[in-house]
Amino acid sequence: MIELLISACLTSGDDCRDFALQFDAREVSLMTCVLHGQAIIARWQDGHPDWQVARWSCSHPERREVAL
């Protein structure tokens, strides 16, 4: 699996969370995630107007240090 991890905060408060979008590694590589991540995040942002993206990253979810 390849994971696009989005860290976002509510626009109306201090509540911040991580959101994970996962993709099949047979179809999406880390490089593809990095190259197309901004477009994917823009679509995510359109569907989540109350959240403001603070940062994002692409990785293998099994390498994540903290569970969501």
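Read in order, the letters of the sequence shown are residues 329 to 396 in the numbering used here. A virtual CB, placed ideally from N, CA and C, is assigned to each residue, including glycine. Nothing here was measured: the structure is a model prediction, and the numbers come from that model.
Reference residue i, options the options, closest by Cα
i: residue 378; options: 330, 334 and 341; result: 341
i: residue 397; options: 366, 373 and 349; result: In the structure as shown, the chain begins at 329 and stops at 396. Residue 397 is therefore absent and cannot be evaluated.
i: residue 344; options: 390, 335 and 352; result: 335
DSSP-derived helix/strand/coil call for residue i
i: residue 362; result: helix
i: residue 343; result: coil
i: residue 390; result: helix
Bridge partners - residue i, DSSP secondary structure assignment
i: residue 368; result: Per DSSP, none; premise fails for residue 368.
i: residue 382; result: Bridge partners of residue 382: none, in fact.
i: residue 331; result: 350 and 387
Integer Cβ distance of residue i from residue j, believed to fall under 8 Å
i: residue 333; j: residue 385; result: 5 Å
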